Ligand code: 5GP
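Numbering (this note's numbering), first residue to last: 15 to 134.
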């Protein structure tokens, strides 16, 4: 899928619309999900035009790939989730119900999260 620069996370990255930011560096921006599914629900997005994990890992420079994943770990620590635990998740494509076509990793925590997938 071609990257659409009008997607909502691209606008957040360009600071055209606000977000409740928790972390930013040269590689990533992390902010609270607008519709949280857990007491802590933060999204981490790479600074670059990537739709999916496959797209990102194939096309992004190594420094950005490493920097992005390091940022996810830093944010989990920053949110004080190491002790009790947390879940990370990235939806890609229609079957996964990806709503925003800019790669993002969800970080969930703050309560027991139950089984990995809800039975459909
Ligand atoms: P997806 O289904 O694509 O993995 O998840 C997209 C997530 O982005 C959803 O959890 C949704 O609540 C969140 N989201 C959508 N629009 C906005 C927004 O404008 N601001 C923030 N902070 N989160 C958003």
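We put the beta carbon where it would ideally sit given N, CA and C, even for glycine. Quantities reported herein were computed from a predicted structural model and do not represent experimental measurements.
- Residue 64 and residue 17 have their alpha carbons spaced roughly 6 Å apart.
- Here residue 27 carries a helix assignment [DSSP, helix/strand/coil].
- C-alpha of residue 73 to C-alpha of residue 105: approximately 18 Å in a straight line.
- Between the region 91–100 and the region 51–62 there are three or more inter-stretch CB-CB distances shorter than 8 Å, so the stretches are counted as touching.
- When DSSP states are grouped into helix, strand and coil, residue 46 belongs to the strand group.
- Going by beta carbons, residue 59 and residue 120 fall outside the 7 Å limit.
- In the three-state reduction of the DSSP assignment, residue 86 falls in the helix class, which pools H, G and I.
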